[in-house]
Ligand SMILES: [Zn+2]
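Numbering (my numbering), first residue to last: 7 to 195.
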C-alpha cells in the first residue's frame, strides 16, 4: 500500500512541476517528487486516525487540581491551500479520577495536526480527544497560530496570530470554573 501511495504522489508532484512550467528532469528537481511524496505521507499520516488513540496511558489519580501544558509547538496544514499553519498550543484539564501521561496529550495534538485542517476544528478535536479519553471535569485548549496562506500569498500579512479556544465539560460546582481555568492557562509564569 505504501508503495502505491508513494508512486501516486510522485506522479502528481511531477505533473504539478510540469503544469507550472518547470522541467522535472532538470538536476535540482529530479528527486523532488520522491521527497515530496515521502513528506506528504508523513504530514498527512493522521488522516483517518482518531487523536484519542494517542492517549493510551491513563492513570487513576484522585487529585482535582488543574493540569496545564503550555507553549506546545505544533505544525499543521491548512486544508484550503495546503500550506502550513503553525504556532503554540496550551492545554488544560481538571482531572476527575484519571490523568494521562503528558507526552500523550501533545501526541494527540500531533495526530490531529497531521491531516488537512482548519485551526478551529483542530482545536475542538484536541479538546474532544482529551475529554473522551479522561472524562475530566473540564478541558480547555487554546491555539495561537500563524497561517502561511495569509502571510506569503493573498493579503500578505505576516505576523498575524489567530487564536482559537475550545472548552468542554461541566465546570459547575467545582473549585475551578471556566474563567479561572482560562486565566490560569493564559497566565505568564
Ligand atoms: Zn489557508
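In this text, a Cβ means the ideal position worked out from N, Cα and C, and glycines have one as well.
query, result
"Cβ contact (3+ pairs, closer than 8 Å) linking the stretch 57–76 and the stretch 165–174", "no"
"Near ligand 1: residue 119 beta-carbon under 6 Å from a heavy atom", "no"
"Identified DSSP bridge partners for residue 99", "73, 145"
"Same chain only: Cβ atoms within 8 Å of residue 72, ignoring 5 sequence neighbours per side", "98, 99, 100, 182, 187, 190"
"Nearest-angstrom Cβ-Cβ length linking residue 84 and residue 131, presumed shorter than 8 Å", "Actually they are not in contact, since the Cβ atoms of residue 84 and residue 131 sit about 15 Å apart, beyond 8 Å."
"Extent of the continuous beta strand (DSSP E) run through residue 209", "In the structure as shown, the chain begins at 7 and stops at 195. Residue 209 is therefore absent and cannot be evaluated."
"Exposed unless 16 or more other CB atoms sit within 10 angstroms - verdict on residue 136", "buried"
"Contacts around residue 194, its chain only, beta-carbon distance under 6 Å, and the 5 residues preceding and following it disregarded", "none"
"Which residues DSSP lists as bridging residue 153, in chain order", "91"
"Residues whose Cβ lies closer than 5 Å to any heavy atom of ligand 1, in chain order", "84, 86, 87, 155"
"Residue range of the unbroken alpha helix (DSSP H) whose run includes residue 48", "38–49"
"Residue nearest to residue 86 in terms of C-alpha spacing, selected from 154, 104, 19", "154"
"Classification of residue 179 by the beta-carbon crowding that lies within 10 angstroms, buried from 16 upward", "exposed"
"For residue 126, the first and last residue of its enclosing beta strand (DSSP E)", "It is not in any beta strand (DSSP E) - residue 126 instead sits in the alpha helix (DSSP H) that spans 125–140."
"Three-state secondary structure assigned by DSSP to residue 16", "helix"
"Pair within 7 Å by beta-carbon distance, residue 67 and residue 15", "no"
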